[in-house]
Amino acid sequence: MAVKDLVTLGKKFYNEKLKAILEPEHNGEFVAVEPYSGKYFLDKDEVQVMLKARAEMPDSKFYFGRVGYEYAHKIGGSWLKKKVS
Numbered sequence: 001m002a003v004k005d006l007v008t009l010g011k012k013f014y015n016e017k018l019k020a021i022l023e024p025e026h027n028g029e030f031v032a033v034e035p036y037s038g039k040y041f042l043d044k045d046e047v048q049v050m051l052k053a054r055a056e057m058p059d060s061k062f063y064f065g066r067v068g069y070e071y072a073h074k075i076g077g078s079w080l081k082k083k084v085s
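For the sequence shown, the numbering used here begins at 1 and goes up steadily by one.
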């Protein structure tokens, strides 16, 4: 499966099935979604959610997201604004 397809299916599954279940109670937690089975894993730590998912479904590929956010990570921040001396 191409990465683009996995992302599309994962986002669709999250928005249609999981969003109403997980938000706002689990906002900020990381989610790993296997879109074909509908199985998902939650954890407050991004590494732990990946480890849980891989332990239970080692041959599967997952869409990773963050509950209540459009993206799992934000690039940028105040450190980019600091002047380098």
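Think of the CB as a built atom: it goes at the ideal place given N, C-alpha and C, for glycine as much as any other residue.
Q: Flag this pair as touching only if the region 1 to 12 and the region 48 to 56 have three or more C-beta atom pairs under 8 Å; answer yes or no.
A: The region 1 to 12, when compared against the region 48 to 56, does not touch it at the 8 Å Cβ threshold.
Q. DSSP beta-bridge partners for K39?
A. Residue numbering aside, residue 39 sits at position 39 when the sequence shown is read from its first letter. Partner residues in the beta bridge of K39, as assigned by DSSP, are E34.
Q: Report yes if the CB atom of F41 is closer than 8 Å to the CB atom of R66, and no otherwise.
A: Working through the sequence shown from its first residue, we reach residue 41 at position 41. Working through the sequence shown from its first residue, we reach residue 66 at position 66. No; because the gap between Cβ atoms is not below 8 Å, this pair is not in contact.
Q) Are the Cβ atoms of F64 and A72 separated by less than 8 Å? A) Counting from one through the sequence shown, the residue named residue 64 turns up at place 64. Counting from one through the sequence shown, the residue named residue 72 turns up at place 72. In this structure, A72 lies closer than 8 Å to F64 by Cβ.
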